[in-house]
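**Q**
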Amino acid sequence: MHHFTYRDGRLHAEDVDLTTLADAVGTPFYCYSTATLERHYSVFSRAVGAPKSRVFFAMKANSNLAVLSTLARLGAGADTVSEGEIRKALAASIPASSIVFSGVGKSESELAFAVDAGIYQINIETEGELHTLSRIAAARRKRQNAVFRINPDIGAGGHAKITTGSEGNKFGISISEAERLYTVAANLPGVRILGLAVHIGSQIRELDELQAAFGRLRELAERLAAQGHRVERIDLGGGLGIPYEMEEAVDHGPGLIEAYAGMVASTFAGLDAELAYEPGRLIVGNAGILVTRVITLNPRARKTILVVDAAMNDLIRPAMYDAFHDIWPIREPALGTPNRLYDVVGPICESGDTFATGRTLPETQPGDLVALMTAGAYGAVMSSTYNSRLLVPEVMVHGADWAVVRPRPTYEELIQLDHLPAWLSTSR
Ligand code: LLP
Numbered sequence: 012m013h014h015f016t017y018r019d020g021r022l023h024a025e026d027v028d029l030t031t032l033a034d035a036v037g038t039p040f041y042c043y044s045t046a047t048l049e050r051h052y053s054v055f056s057r058a059v060g061a062p063k064s065r066v067f068f069a070m071k072a073n074s075n076l077a078v079l080s081t082l083a084r085l086g087a088g089a090d091t092v093s094e095g096e097i098r099k100a101l102a103a104s105i106p107a108s109s110i111v112f113s114g115v116g117k118s119e120s121e122l123a124f125a126v127d128a129g130i131y132q133i134n135i136e137t138e139g140e141l142h143t144l145s146r147i148a149a150a151r152r153k154r155q156n157a158v159f160r161i162n163p164d165i166g167a168g169g170h171a172k173i174t175t176g177s178e179g180n181k182f183g184i185s186i187s188e189a190e191r192l193y194t195v196a197a198n199l200p201g202v203r204i205l206g207l208a209v210h211i212g213s214q215i216r217e218l219d220e221l222q223a224a225f226g227r228l229r230e231l232a233e234r235l236a237a238q239g240h241r242v243e244r245i246d247l248g249g250g251l252g253i254p255y256e257m258e259e260a261v262d263h264g265p266g267l268i269e270a271y272a273g274m275v276a277s278t279f280a281g282l283d284a285e286l287a288y289e290p291g292r293l294i295v296g297n298a299g300i301l302v303t304r305v306i307t308l309n310p311r312a313r314k315t316i317l318v319v320d321a322a323m324n325d326l327i328r329p330a331m332y333d334a335f336h337d338i339w340p341i342r343e344p345a346l347g348t349p350n351r352l353y354d355v356v357g358p359i360c361e362s363g364d365t366f367a368t369g370r371t372l373p374e375t376q377p378g379d380l381v382a383l384m385t386a387g388a389y390g391a392v393m394s395s396t397y398n399s400r401l402l403v404p405e406v407m408v409h410g411a412d413w414a415v416v417r418p419r420p421t422y423e424e425l426i427q428l429d430h431l432p433a434w435l436s437t438s439r
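For the sequence shown, the residue numbers in our numbering are 12 to 439.
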């Protein structure tokens, strides 16, 4: 369910006309819908029984302060993976007591920052990290709450590059190591191990692998508890997938979420532990679009190449994961508009800068606006200035209101990021 709909022949974000917005902000730009964000968060948190269970929004999916603040007001915590993300979460008024720090390689200074901030939990991924964290916290006369991220040797997800749960992947502690490390941790002064975490991949739309991984986690939790260890927290990660075909998104919303919540409830029934979740894509994916303008057309024998002003540096998912994003015209096609076959590409000089190949779209002209749908997750956050292109602005809509929540930088700002060394800065 999302709030991007046609009204009077033009696509709107909630009550805001995207054509008007494009004129005001310029293209390309990301546009987020508050109502969609709020709905997704509420549906998910209700399904999993928050606040009894805890929801930490995986802010790697979208770390705009306006997105974070919107979710924070609904009670969301943050799942973070860097000092930058922790700082942004705090800046968005998410309390340290609602912040989890995950990640396969946290630096000592990042761990120290997290301990000083007093965050809720650190998800430890290696034995080395266990010792480092203990040393850092003990030096501050603190004992940091933590869990072990387990690699259950079950991977899943929409693409090999986002599968994380297999033994061969770089993530987490194997099940066989976990029992030994619990014992090691019991003798360390700076950590308090309170449970387990798992995250096996992203864009998962079948529950079988998740269920198998959660089953292994439960068995491990029971073995640990039987040995007298504390297993009070089970962090189930994120990974639940979303429909990228928007037709499906309209009526498909809660089905998978309900099934997932039911599966979790039965898998962990009777286990006395707090359950935590780290959804990212599910919350923000369908709440954002990338609006772009057609620059030119390049007709070929069998199809037309449609060059738009957004590029792979603005939305890298198609180039990086062969990801599908629906493309909607901003002006609703009039009845009888013919369909044509298009490749939709950006202006960057590499063939990978392609958003869609062989896509059937209503006939489109230079100057027309189109939206790359489902771009709220892993869109703006993965953008870059490749080709010295300016980072794309982000706009948030709230009913009939809208605000630029990240302005487009100026070319001066872009150029000033670089500094000349002394030997080049004097004129010859
Ligand atoms: N927790 C952990 C430990 C994670 O590594 C991730 C995502 C999440 C939670 C959130 O997963 P989600 O609910 O969003 O699936 N850039 C890729 C996705 C990378 C996901 C990385 N980890 C993409 O655009 O598809």
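Think of the CB as a built atom: it goes at the ideal place given N, C-alpha and C, for glycine as much as any other residue.
Small disclaimer: the values here were computed from a predicted structure and weren't measured.
Report the rounded CA-to-CA distance for T396 versus R191, giving the unit in angstroms.
**A** Rounded to the nearest angstrom, the two C-alpha atoms are 46 Å apart.
**Q** Under three-state DSSP, which class holds V261?
**A** The predicted position of V261 is uncertain, since its pLDDT is 49 and thus under 50; no value can be drawn from it.
**Q** So M407 is in the beta strand (DSSP E); what residue range does that whole segment cover?
**A** E405 to H409 is the span of the beta strand (DSSP E), which, as asked, contains M407.
**Q** Apart from the five residues just before and just after S56, which ones in its own chain have a Cβ nearer than 6 Å to its Cβ?
**A** Here the set comprises V66.
**Q** Less than 7 Å between the CB of D90 and some heavy atom of the ligand LLP, yes or no?
**A** Yes, the Cβ of D90 comes within 7 Å of a heavy atom of the ligand LLP.
**Q** Enumerate in chain order the residues of its own chain whose CB-to-CB distance from V403 is below 8 Å, with the five nearest sequence positions on each side excluded.
**A** Excluding sequence neighbours, V403 sits near P39, F40, Y41, L301, A321, D325, A391, S394 and R419.
**Q** Please list, following the chain, all residues that have a C-beta closer than 5 Å to any non-hydrogen atom of the ligand LLP.
**A** Here the list is A69, A72, S113, I173, H210, S213, G248, G249, G250, E289, P290, G291, R292, R328 and Y389.
**Q** What's the call for I426, buried or exposed, on a 16-neighbour Cβ count within 10 Å?
**A** When all chains shown are included, I426 counts as exposed.
**Q** With the cut-off set at 8 Å, would you say Y52 and I294 are in Cβ contact?
**A** Yes, these two residues count as a Cβ contact at 8 Å.
**Q** Skipping 5 residues on each side, what residues in its chain have a beta carbon closer than 8 Å to that of R460?
**A** Outside the shown range of the chain (12 to 439) lies residue 460, about which nothing can therefore be said.
**Q** Am I right that L207 and A232 are in contact with their C-beta atoms under 8 Å? What's the rounded C-beta distance?
**A** That pair is a contact at about 6 Å.
**Q** Which same chain residues end up closer than 7 Å to T368 when comparing Cβ atoms and leaving out the 5 residues on each side of it in sequence?
**A** So the list reads D354, once near-sequence residues are dropped.
**Q** To which residues does DSSP link A69 through a beta bridge?
**A** The partner list for A69 (beta bridge, DSSP) reads D90.
**Q** Confirm, please, whether the CB-CB distance from I110 to I135 is below 8 Å.
**A** In this structure, I110 does not lie closer than 8 Å to I135 by Cβ.
**Q** Tell me which residue opens and which closes the alpha helix (DSSP H) that E190 is part of.
**A** It spans I186 to A197 - the alpha helix (DSSP H) in which E190 sits, taken as one unbroken run.
**Q** Specify, as a first and last residue, the run of the beta strand (DSSP E) that P373 falls within.
**A** T365 to P373 is the span of the beta strand (DSSP E), which, as asked, contains P373.
**Q** So T45 and H409 are in contact, right, with Cβ under 8 Å, and what is the actual spacing, rounded?
**A** Contact holds; Cβ gap of about 4 Å.
**Q** Suppose contacts are defined by Cβ-Cβ distances below 8 Å. Is R2 in contact with G212 by that definition?
**A** Residue 2 lies beyond the range of the chain shown here (12 to 439); nothing can be said about it.
**Q** Would you check if the segment 66–83 and the segment 423–437 touch, i.e. whether three or more CB-CB distances between them fall below 8 Å?
**A** Cβ pair count under 8 Å is below three, so no.
**Q** What are the boundary residues of the beta strand (DSSP E) that includes D354?
**A** Note, D354: beta strand (DSSP E), N350 to V356.
**Q** Suppose the cutoff is 6 Å on Cβ atoms and the five residues either side in sequence are ignored; what does the same chain contact list for S185 look like?
**A** Answer for S185: N162, listed in chain order.
**Q** Can you tell me the Cα-Cα spacing of S118 and A189, whole angstroms?
**A** Approximately 22 Å, taken between the alpha carbons.
**Q** For H240, which residues of its own chain have a beta-carbon under 7 Å away from its beta-carbon, when the five flanking residues on both sides are left out?
**A** Correct list, in chain order: Y193.
**Q** How would you label N350, buried or exposed, when you count the other beta carbons within 10 angstroms and need 16 or more for buried?
**A** By the 10 Å Cβ count, N350 comes out exposed.
**Q** Tell me whether Y422 is buried or exposed, calling it buried when 16 or more other Cβ atoms sit within 10 Å of its Cβ.
**A** Y422 should be labelled exposed.
**Q** Between L76 and A89, how many whole angstroms is the CB-CB distance? I'm expecting something under 8 Å.
**A** About 12 Å separates the two Cβ atoms, so there is no contact after all.
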